[in-house]
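J.: For the sequence shown, the working numbering begins at 516 and goes up steadily by one.
We treat Cβ as the ideally placed atom computed from N, Cα and C, and that holds for glycine.
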Amino acid sequence: MDKKTAEERLRNAGLRVTPQRLEVLLALSNSKHPTAEYLIRKVRKKHNSISASTIYNILDTFIGKGVISKIYIPGHVMRYDAMLEKHHHLYDADTNRIEDYFDDELFELIQQYVQHKKIPGFEPDDIKIKLLGKFTDK
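(1) Is the region 549-558 touching the region 520-528 in the sense that three or more CB pairs, one from each, lie closer than 8 Å?
(2) Do L605 and G648 count as a contact pair if the criterion is CB distance below 8 Å?
(3) Do L530 and I583 have their CB atoms nearer than 8 Å?
(4) According to DSSP, simplified to helix, strand and coil, what is L647?
(5) Could you give the DSSP three-state label for S566: helix, strand or coil?
(6) Can you give me the C-alpha to C-alpha distance between I625 and K645, rounded to a whole angstrom?
(7) Based on the DSSP output, what are the partners of K601 in its beta bridges?
(8) Under the rule that 16 or more other beta-carbon atoms within 10 Å means buried, what is I578, buried or exposed?
(9) By the 10 Å Cβ neighbour count, where 16 or more other Cβ atoms means buried, how is E538 classified, buried or exposed?
(10) For the candidate residues V629, Q630, N611, I565, whose alpha-carbon lies nearest to that of E533?
(11) Just tell me which of T610, F617, F637, I588 has its CA closest to the CA of M598.
(12) Would you mind giving the Cβ-Cβ distance between F650 and R612, rounded to the nearest angstrom? I have them listed as a contact below 8 Å.
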């Protein structure tokens, strides 16, 4: 993501564009599913006085405004994702590698299943699947 696109994404979410927010979003969008610790190190290369709590607050704000999403894998560190297009994740626990997986047919299949089942007391907003396994293309 370039600077102009990042600024636009922040404005579209109703957020003021600040140097810190911009730098966090650019660092996040130019990394593959980074951890907060990675982002702290990356952002501090340009803004050495920014605190870790500021970066965590920015990440929480971004999540709340739909600018980014979280990837939670039980037993592992939280990851962040700037990719807003519908996609799933492939995860290898041995290598801690996460890859995006795009499959419109899978979305459609699950959406039809959920609509057909009419889960009592639950209305889904989104569908995200994490496929756990091993990458064989190491």
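T.: So, from the data block:
(1) no
(2) yes
(3) Taking 8 Å as the Cβ cut-off, L530 and I583 do not qualify as a contacting pair.
(4) strand
(5) coil
(6) 13 Å
(7) Bridge partners of K601: none, in fact.
(8) exposed
(9) buried
(10) As written in the sequence, residue 533 is Thr, which differs from the Glu given in the question. Nearest C-alpha to T533: I565.
(11) F617
(12) 6 Å
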